[in-house]
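Listed in order, the protein sequences are those of chains A and B. Using this note's numbering, read the first sequence as starting at 94 and increasing by one per residue. Using this note's numbering, read the second sequence as starting at 94 and increasing by one per residue. Using N, Cα and C, we set each Cβ at its ideal position, and we do this for glycine too. Note that the coordinates shown come from a computational prediction; the quantities given were computed from them, not determined experimentally. Below is one structure, written out as structure tokens, with a few remarks after it.
Number of protein chains: 2
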Amino acid sequence: MSCGHDDHSHPGLTGAALKRALGAAEVRCADTQERLTPPRRRVLELLLEADGPLKAYDLIAAFGEAGEPAKPPTVYRALEFLERLGFAHRIESLNAYVPCRMEGEGHQAAFLICDCCGAAQEFEPDLKPALTAARAAGYDARSVTLEARGFCPACKGG
Amino acid sequence: MSCGHDDHSHPGLTGAALKRALGAAEVRCADTQERLTPPRRRVLELLLEADGPLKAYDLIAAFGEAGEPAKPPTVYRALEFLERLGFAHRIESLNAYVPCRMEGEGHQAAFLICDCCGAAQEFEPDLKPALTAARAAGYDARSVTLEARGFCPACKGG
DNA sequence: ACAGACGTGTTATGAAATAACATAACGCGT
DNA sequence: ACGCGTTATGTTATTTCATAACACGTCTGT
Chain A
94 MSCGHDDHSH PGLTGAALKR ALGAAEVRCA DTQERLTPPR RRVLELLLEA
144 DGPLKAYDLI AAFGEAGEPA KPPTVYRALE FLERLGFAHR IESLNAYVPC
194 RMEGEGHQAA FLICDCCGAA QEFEPDLKPA LTAARAAGYD ARSVTLEARG
244 FCPACKGG
Chain B
94 MSCGHDDHSH PGLTGAALKR ALGAAEVRCA DTQERLTPPR RRVLELLLEA
144 DGPLKAYDLI AAFGEAGEPA KPPTVYRALE FLERLGFAHR IESLNAYVPC
194 RMEGEGHQAA FLICDCCGAA QEFEPDLKPA LTAARAAGYD ARSVTLEARG
244 FCPACKGG
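Here's what the structure looks like:
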């Protein structure tokens, strides 16, 4: 965090864009018989509004309207749901969460994380070589977590 | 954990093999002006003896000779040192630690993790596609964490 | 209406990691 | 050997992250 630069590649959504994103989530839930209940919707909203990865306790603190925080299970359950449906991803190396920025639904999430400003950009690397190596070792790999640490365009001095 | 199988691909080291591994670590430390002090050596020993990934508090509990646990900072500092020198790796998605099983010193660690028996096998996938994608996005990636979840040969039913 | 599944609210606790500060050991120049 | 800066350890306490357990509600199909 804090390197003098402030170009975060994912400014939070506001107004119409936010509403649109939440609406799209509603639609996808309706399609699959899943329910975007108020706490789930609220947590998704907070993630979408944010400029970068949010910690679970950031969400807990920001959850309530009148400054009332949520209880931890409320937020963790919502995050579990959002992850299950692909609306959000957990970044293991940060213990933090981001809304999904990708279009497709079944993708493998991977992240580029800036050690300077804390930005986390989702990307889709080619994982075939890794999966091939896994199979060569006899493993049946079901999911892959890939997190690359380094410096974002704004922070690397360019 | 626990699927009926018990073929862990990394049985812990014992006796001569353990001594040899610790000796090799001593030598590498001496070469680089680093010190394998007693707590560092003890934590490395515990990791090498183990059959699989160990949690920090497993190490804390197992640390002392007469059943005396260590204090958390003792173990976390040792782990930090061991990671810095490449003697151990942290597995983010498990909050756990393993000794390094690779020969070279500067490699990027990556893991195949069995969701059934908990085994974690280190491997070296080709990360070039991911690094290329990172560069294409303008990122200067310094390190990559890759953890593939699935089933090991013993657990996948083969 | 009823049962079952799913979701939420709440209290409490467990697990993982670090802050802060004091003390000790080492490496080095003199 | 002495003093000094650096590195490592010991210790207390706290912070951060996450889940267990159980009561209550709500939706859905029969």
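- request: Could you have a look at B/Y190 and say whether DSSP puts it in helix, strand or coil?
  value: Against the second sequence, residue 190 of chain B aligns to sequence position 97. Strand at B/Y190.
message: Report the start-end ranges of each alpha helix (DSSP H) in the stretch 96-151 of chain B that is 4 residues or longer and not cut off at the edges.
response: Listed in chain order, the alpha helix (DSSP H) elements of length 4 or more contained wholly in the stretch 96-151 of chain B are 108-124 and 131-142.
message: Are the CB atoms of A/L187 and A/P146 within a distance shorter than 8 Å?
response: In the first sequence, residue 146 of chain A corresponds to position 53, counting from 1. In the first sequence, residue 187 of chain A corresponds to position 94, counting from 1. Yes.
- prompt: Comparing the C-beta of A/C245 with each C-beta of chain B, is any distance below 8 Å?
  reply: In the first sequence, counting from the first residue as 1, residue 245 of chain A sits at position 152. Closer than 8 Å: yes.
- prompt: Is any beta-carbon of chain B found at less than 8 Å from that of A/E158?
  reply: Within the first sequence, the letter at position 65 stands for residue 158 of chain A. Not an interface residue.
task: Provide the residue span of the alpha helix (DSSP H) that contains B/E173, from first to last.
output: Within the second sequence, the letter at position 80 stands for residue 173 of chain B. Per DSSP, B/E173 belongs to the alpha helix (DSSP H) from P165 to R177.
query: What runs of the beta strand (DSSP E), each 3 residues or longer, lie entirely inside the stretch 187-241 of chain A?
result: 189-192, 203-207 and 213-216
- prompt: For A/E240, which residues in chain B fall below 7 Å Cβ to Cβ?
  reply: One-based indexing of the first sequence puts residue 240 of chain A at position 147. Under a criterion of Cβ atoms nearer than 7 Å, the residues of chain B adjacent to A/E240 are, in order, T238.
message: If contacts are defined as beta-carbon pairs under 8 Å, then B/Y190 and B/L172 qualify, I think. What distance do you get, rounded to the angstrom?
response: Indexing the second sequence from 1 puts residue 190 of chain B at position 97. Indexing the second sequence from 1 puts residue 172 of chain B at position 79. Right, their Cβ atoms sit about 6 Å apart.
field: Supposed close pair A/C207, A/F244 - CB separation, criterion 8 Å
entry: Locating residue 207 of chain A in the first sequence gives position 114, where the first residue counts as 1. Locating residue 244 of chain A in the first sequence gives position 151, where the first residue counts as 1. Confirmed, about 6 Å.
DSSP three-state assignment for B/A247, whether helix, strand or coil: To locate residue 247 of chain B, count along the second sequence from 1; it is residue 154. Coil at B/A247, not helix or strand.
message: Using a Cβ-Cβ distance cut-off of 8 Å, determine whether A/R133 contacts chain B.
response: Translated into positions along the first sequence, residue 133 of chain A becomes position 40. It does not; no Cβ of chain B falls within 8 Å.
message: Is B/D219 close to chain A? Criterion is C-beta to C-beta, closer than 8 Å.
response: One-based indexing of the second sequence puts residue 219 of chain B at position 126. Chain A, which has a Cβ nearer than 8 Å to the Cβ of B/D219, makes this yes.
Alpha-carbon spacing of B/P132 relative to B/T167, whole angstroms: Here residue 132 of chain B refers to the residue found at position 39 when the second sequence is read from its first residue. Here residue 167 of chain B refers to the residue found at position 74 when the second sequence is read from its first residue. For B/P132 and B/T167, the distance between alpha carbons rounds to 7 Å.
message: I'd like the span of the beta strand (DSSP E) that includes A/A181, first residue to last.
response: Your numbering for residue 181 of chain A matches position 88 in the first sequence. Unbroken beta strand (DSSP E) run through A/A181: A181 to I184.
- request: Flag B/Y169 as yes if its beta-carbon sits less than 8 Å from any beta-carbon of chain A, otherwise no.
  value: Locating residue 169 of chain B in the second sequence gives position 76, counting from the first residue. It does not; no Cβ of chain A falls within 8 Å.
task: Give a yes or no on contact between the stretch 229-243 of chain A and the stretch 213-231 of chain B, applying the rule of three or more CB pairs nearer than 8 Å.
output: yes
query: Secondary structure at B/A154, three-state DSSP: helix, strand or coil?
result: Residue 154 of chain B sits at position 61 when you count from the first residue of the second sequence. Looking at B/A154 - three-state DSSP - the assignment turns out to be helix.
query: Closer than 8 Å, Cβ to any Cβ of chain A: which residues of the stretch 198-213 of chain B, in chain order?
result: A203, L205, C207 and D208
message: Is there a C-beta anywhere in chain B that falls below 8 Å from the one on A/A181?
response: Against the first sequence, residue 181 of chain A aligns to sequence position 88. Taking Cβ atoms only, chain B never reaches closer than 8 Å to A/A181, which makes this a no.
task: Might you give, ordered along the chain, the residues of its own chain that have their beta carbon closer than 6 Å to the beta carbon of A/A143, omitting 5 neighbours on each side?
output: Taking the first residue of the first sequence as 1, we reach residue 143 of chain A at position 50. The residues are G105.
message: For B/P165 and A/L205, I'd like the C-alpha separation in whole angstroms.
response: Mapped onto the second sequence, residue 165 of chain B falls at position 72. Mapped onto the first sequence, residue 205 of chain A falls at position 112. Straight-line Cα distance between these residues: approximately 31 Å.
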